[in-house]
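S.K.:
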Amino acid sequence: MVCVVSRTGRQFQRYNKGRRQVVGCIPYRVKTPSDGTVSDKFEVLVISSQKGHALMFPKGGWELDESVEEAASRESLEEAGVIGDVEVKLETDFIIPLWPILLRYFKKVCVFIFEQRQLGKWDFLSKSRGTFYEGLMFPMHVKEELELWPEQHLRQRMWMKVDEAREACRDWWMKEALDVLVHRLSSSSPSMKAIEEDKSVPLVSIC
1 MVCVVSRTGR
11 QFQRYNKGRR
21 QVVGCIPYRV
31 KTPSDGTVSD
41 KFEVLVISSQ
51 KGHALMFPKG
61 GWELDESVEE
71 AASRESLEEA
81 GVIGDVEVKL
91 ETDFIIPLWP
101 ILLRYFKKVC
111 VFIFEQRQLG
121 KWDFLSKSRG
131 TFYEGLMFPM
141 HVKEELELWP
151 EQHLRQRMWM
161 KVDEAREACR
171 DWWMKEALDV
181 LVHRLSSSSP
191 SMKAIEEDKS
201 VPLVSIC
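Everything in the sequence shown is counted per the UniProt record's numbering, starting at 1 for the first residue and increasing by one.
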């Protein structure tokens, strides 16, 4: 059963060097192929702010009782009403040959893998609060779009082409995250092929 109430409160918020950590997703789906370019093969889901008409991607506070993947999934469900695969893991074919190295340098490898799968990490200023935040963004391949979700009466959601979303998005750091996602999908033909066939790329987590 899907939760129909958004989390509230800040007593469990994570901080890094005094900056509140927020986690977000760029939800995307694959379209019917057109001219063969990746930017035309998929769309991304943007949402409106609670107050006003600014457009952005789902994001919110990362809390102490959840993993980064759980936080990203929760925010996407609460704000955009979508469920999918948050891509924070590493492909099996890459991991298996490296097990001896992984076991020897486990902590450093975990950090490396985490940083490779995220779209990026940004420090940004919240104009409404006048404080700096640390934002982490991940891709989400959308599997289900809900008709009912916690913030459906507070926000609008809409699917856009990449160029449209880049132009409409309010936040500079989210635009940069979108550019990273486009580059990643452009340079990862096996992953795109698996997505187009509606098959998940084999993934495994070691962290």
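Built from N, CA and C at the ideal position, the CB exists for glycine as well.
Please report how far the alpha carbon of Leu-146 lies from the alpha carbon of Gln-152, in whole angstroms.
M.R.: Using only the alpha carbons, I get a separation of about 10 Å.
S.K.: Quick one: using the 10 Å Cβ neighbour count with 16 as the cut-off for buried, is Trp-173 buried or exposed?
M.R.: Looking at its Cβ environment, which holds 16 or more other Cβ atoms inside 10 Å, Trp-173 is buried.
S.K.: Quick one: what does DSSP say His-183 is sitting in, helix, strand or coil?
M.R.: The answer is helix: DSSP assigns His-183 an H, G or I state.
S.K.: What separation, rounded to the nearest whole angstrom, lies between the Cα atoms of Val-68 and Ala-168?
M.R.: Val-68 and Ala-168: Cα-Cα distance of roughly 26 Å.
S.K.: Report the CB separation of Ala-165 from Val-44 in whole angstroms; it is logged as a contact under 8 Å.
M.R.: So it is a contact: roughly 5 Å between Cβ atoms.
S.K.: Can you find the residues in the same chain that come closer than 6 Å, C-beta to C-beta, to Phe-114, ignoring five residues on each side of it along the sequence?
M.R.: Low confidence applies to Phe-114: its pLDDT is 43, below 50, so where it sits in the model is not reliable, and the reading given next is rough at best. Excluding positions up to five away in sequence, the list is empty.
S.K.: Do His-141 and Tyr-28 have their beta-carbon atoms positioned less than 8 Å apart in this structure?
M.R.: Yes.
S.K.: With Leu-77 as the anchor, note down where its alpha helix (DSSP H) starts and where it stops.
M.R.: Looking at the DSSP string, the run of the alpha helix (DSSP H) that includes Leu-77 is 68-80.
S.K.: What distance in whole Å lies between the Cβ atoms of Lys-31 and Phe-42, which are believed to be in contact at a cut-off of 8 Å?
M.R.: Phe-42 to Lys-31, Cβ: 6 Å. Contact.
S.K.: Where does Arg-74 land, buried or exposed, given buried means 16+ other C-beta within 10 angstroms?
M.R.: With 16 or more Cβ atoms within 10 Å of its Cβ, Arg-74 is classed as buried.
S.K.: What does the alpha-carbon distance come out to for the pair Glu-66 and Glu-176?
M.R.: Using only the alpha carbons, I get a separation of about 26 Å.
S.K.: Within 10 angstroms of the Cβ of Glu-144, are there 16 or more other Cβ atoms? Answer buried if so, exposed if not.
M.R.: The residue in question, Glu-144, is exposed, as its Cβ has fewer than 16 Cβ neighbours within 10 Å.
S.K.: Can you give the Cα-Cα distance for Gly-130 and Val-22, rounded to whole angstroms?
M.R.: Distance between the alpha carbons of Gly-130 and Val-22: 15 Å.
S.K.: Using CA coordinates, which residue listed in Ser-48, Cys-25, Gly-18 is at the minimum distance from Ala-71?
M.R.: The option with the nearest alpha carbon to Ala-71 is Cys-25.
S.K.: Give the DSSP bridge partners of Pro-139, in chain order.
M.R.: Answer is Ile-26, bridged to Pro-139.
S.K.: Between the C-alpha atoms of Val-86 and Met-137, what's the straight-line distance to the nearest angstrom?
M.R.: Cα-Cα distance, rounded: 10 Å.
S.K.: Tell me whether Gly-18 is buried or exposed, calling it buried when 16 or more other Cβ atoms sit within 10 Å of its Cβ.
M.R.: So Gly-18 counts as exposed.
S.K.: Mapping DSSP to helix, strand and coil, what is Trp-173?
M.R.: Looking at Trp-173 - three-state DSSP - the assignment turns out to be helix.
S.K.: Going by Cα to Cα distance, which pick from Val-180, Asp-171, Arg-117, Leu-181 is closest to Lys-59?
M.R.: For the residues Val-180, Asp-171, Arg-117, Leu-181, the minimum Cα distance to Lys-59 belongs to Asp-171.
S.K.: Going by C-alpha distance, which of Gly-61, Gln-118, Asp-163, Arg-117 is nearest Tyr-133?
M.R.: Nearest of Gly-61, Gln-118, Asp-163, Arg-117 to Tyr-133, Cα basis: Gly-61.
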